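Here's the structure, in structure tokens; my notes come after.
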Amino acid sequence: MSSSSAYLLHLLLLLLFNVPSTITCCYTSIFSFGDSITDTGNLNFMYLPANPDCLVPPYGETYFQHPNGRCSNGRLVIDFIAEYLGLPYVKPYMGFKNGVVGRENMKHGVNFAVAGATALKSDFFEQKGFDADASSNYSITVQLGWFKDILPSICNSPSTLAGCKEVFQSSFFIVGPIGGNDFGYPLSGKIPLEEFKTYSSLIISTITSVIRDLLDLDAVTVLVPGSFPFGCNPSILTIYETKDEEKYDQGGCLKWINEFFEHFNEMLQTEINRLRELYPHANIIYADYFNSVLQFYRSPQQFGFGENVIKVCCGSGGTYNYNETAMCGSSGVISCDDPSKYVGWDGYHLTEAAYRWIAKGILHGQYTTPKFSASCIKSVTSADFNKNPMK
Numbered sequence: 075m076s077s078s079s080a081y082l083l084h085l086l087l088l089l090l091f092n093v094p095s096t097i098t099c100c101y102t103s104i105f106s107f108g109d110s111i112t113d114t115g116n117l118n119f120m121y122l123p124a125n126p127d128c129l130v131p132p133y134g135e136t137y138f139q140h141p142n143g144r145c146s147n148g149r150l151v152i153d154f155i156a157e158y159l160g161l162p163y164v165k166p167y168m169g170f171k172n173g174v175v176g177r178e179n180m181k182h183g184v185n186f187a188v189a190g191a192t193a194l195k196s197d198f199f200e201q202k203g204f205d206a207d208a209s210s211n212y213s214i215t216v217q218l219g220w221f222k223d224i225l226p227s228i229c230n231s232p233s234t235l236a237g238c239k240e241v242f243q244s245s246f247f248i249v250g251p252i253g254g255n256d257f258g259y260p261l262s263g264k265i266p267l268e269e270f271k272t273y274s275s276l277i278i279s280t281i282t283s284v285i286r287d288l289l290d291l292d293a294v295t296v297l298v299p300g301s302f303p304f305g306c307n308p309s310i311l312t313i314y315e316t317k318d319e320e321k322y323d324q325g326g327c328l329k330w331i332n333e334f335f336e337h338f339n340e341m342l343q344t345e346i347n348r349l350r351e352l353y354p355h356a357n358i359i360y361a362d363y364f365n366s367v368l369q370f371y372r373s374p375q376q377f378g379f380g381e382n383v384i385k386v387c388c389g390s391g392g393t394y395n396y397n398e399t400a401m402c403g404s405s406g407v408i409s410c411d412d413p414s415k416y417v418g419w420d421g422y423h424l425t426e427a428a429y430r431w432i433a434k435g436i437l438h439g440q441y442t443t444p445k446f447s448a449s450c451i452k453s454v455t456s457a458d459f460n461k462n463p464m465k
């Protein structure tokens, strides 16, 4: 054998036997927890027709052409993530529980998020004297309990943990966003800011506790979205509307509320960093929803939104086209002609166009720490995802 042939053989052997100890697998399933920002249909099974929330037209009109429990005109961030990973849309847990969705679909994941859900348990709000919505009974801790209950089905084993490690190593977990509804109760009552601040550590402690439970069950990749800039939320802007221009930033958002939630996100990231030290094997990704959304209001035309970006698409009257007595879905309330020109859909939730941009920031790494790794992605199932503005 010539010296050059021997050298090539040596290189080939090095390539064959020096295999990295960690092999990146393609994601085969998504498991998610949270509130209406992530709920893909659990709401369908939890509310009476007299209290429809997001279950009536024009919800779902843009993409699905009918209401389906998603609190928007179309797809959510989780839907775009599923498309990008080449997976089906994540089915709601209550669909499986009620026999509407076959359990064989669990292999692609389960969505435990419930519209209106809180991080803290319902008794916390009762003790504070708040008239909490029934959805606070579906807190993220309750959702985690649902997840644990169906582990034998997910892992195809009568033993809870047997076989789960292999499944979870190729699963993408989403924890949040959660906490917006917790803050919604005190915000709606205009309580003092100092008392408002006491919620932060309790909410973050609950979120990190859920993440730790998932990591202890061998979850490897966990996406943790931070809070939105609620100072730009039309419902909050309506409650705290003032003629004092100094209270608003260049995008028309309330400064003091955004400053609070920016600090909340900093606290959340501090705890995530601690989790990374405790679980060095895990990939805990922080998603910066705050700055991702804030840019829509500061430079709306850059993202294809219209000039009146602070107004909602589906609403009635008021400075922000939001009126709690005539909300989206109410009789006589219609949506705008082109929802893609709006960030806000109904005063609380965003449009499909806004969620698409948030998903882009996650999947292409501009708004995640660390950057989202796409090395395991097999295919993209939706051509629409690759059209502008997702490019």
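Each residue of the sequence shown is one higher than the last, beginning at 75 in our numbering.
No residue lacks a Cβ here, since even glycine has one placed at the ideal position from N, Cα and C.
Because the structure is a prediction, the values reported are computed rather than measured.
Three-state secondary structure (DSSP) of residue i
i, result
"Val-296", "strand"
"Thr-136", "coil"
"Lys-239", "helix"
"Asp-347", "Per the sequence shown, residue 347 should be read as Asn rather than Asp. Reduced to three states, the DSSP call for Asn-347 is helix."
"Thr-192", "coil"
"Thr-282", "helix"
"Gly-143", "coil"
"Tyr-429", "helix"
"Tyr-322", "strand"
"Leu-129", "coil"
"Leu-498", "For residue 498 there is no data in the structure shown, the boundaries of the chain being 75 and 465."
"Gly-435", "helix"
"Gly-305", "helix"
"Phe-446", "coil"
"Leu-161", "coil"
"Gly-418", "strand"
"Gln-440", "coil"
"Thr-316", "coil"
The beta strand (DSSP E) enclosing residue i, as first and last residue numbers
i, result
"Phe-105", "103-107"
"Ile-248", "245-249"
"Cys-185", "At residue 185 the sequence reads Asn, which differs from the Cys that was named. Per DSSP, Asn-185 belongs to the beta strand (DSSP E) from 183-185."
Within 8 Å, strictly: CB atoms of residue i and residue j
i, j, result
"Pro-166", "Asn-211", "no"
"Phe-446", "Ile-359", "yes"
"Ala-191", "Cys-128", "no"
"Ala-193", "Asp-256", "yes"
"Ser-301", "Tyr-363", "yes"
"Ile-214", "Thr-280", "yes"
"Ser-274", "Phe-338", "yes"
"Met-168", "Phe-119", "yes"
"Glu-468", "Asn-185", "This structure gives no information on residue 468, because the portion of the chain shown stretches from 75 to 465."
"Leu-291", "Phe-242", "yes"
"Ile-155", "Leu-437", "yes"
"Ser-227", "Met-180", "yes"
"Ile-64", "Ile-248", "Nothing about residue 64 can be reported from this structure: the residues present for the chain run from 75 to 465 only."
"Pro-299", "Pro-354", "no"
"Leu-289", "Ala-356", "yes"
"Asn-365", "Tyr-416", "no"
"Pro-73", "Ser-409", "The structure shown does not extend to residue 73, since the chain is modelled only from 75 through 465, so no value can be given for it."
"Ile-285", "Leu-225", "no"
"Phe-221", "Gly-254", "no"
"Asp-420", "Val-386", "yes"
"Thr-114", "Val-174", "no"
"His-140", "Pro-162", "no"
"Phe-246", "Leu-342", "no"
First and last residue of the uninterrupted alpha helix (DSSP H) at residue i
i, result
"Val-216", "214-223"
"Val-151", "151-158"
"Gly-169", "167-171"
"Ser-309", "308-313"
**Request:** Jot down the residue ranges of each uninterrupted beta strand (DSSP E) in the stretch 351-412, minimum 3 residues, whole runs only, in chain order.
**Result:** 357-361
Does the stretch 369-386 come within contact of the stretch 321-328, defined as at least 3 CB pairs closer than 8 Å?
At 8 Å Cβ cutoff, the stretches touch.
Decide yes or no for the touch test of the stretch 386-399 against the stretch 361-370: beta carbon pairs closer than 8 Å, at least 3 of them. no
*asked:* Under 8 Å: do the stretch 102-110 and the stretch 216-223 share three or more Cβ pairs, one atom per stretch?
replied: yes
Report task. Would you check if the stretch 143-158 and the stretch 419-435 touch, i.e. whether three or more CB-CB distances between them fall below 8 Å? Result -> Between the stretch 419-435 and the stretch 143-158 there are three or more inter-stretch CB-CB distances shorter than 8 Å, so the stretches are counted as touching.
Task: At least three beta-carbon pairs within less than 8 Å, the stretch 328-348 to the stretch 296-316 - done: yes
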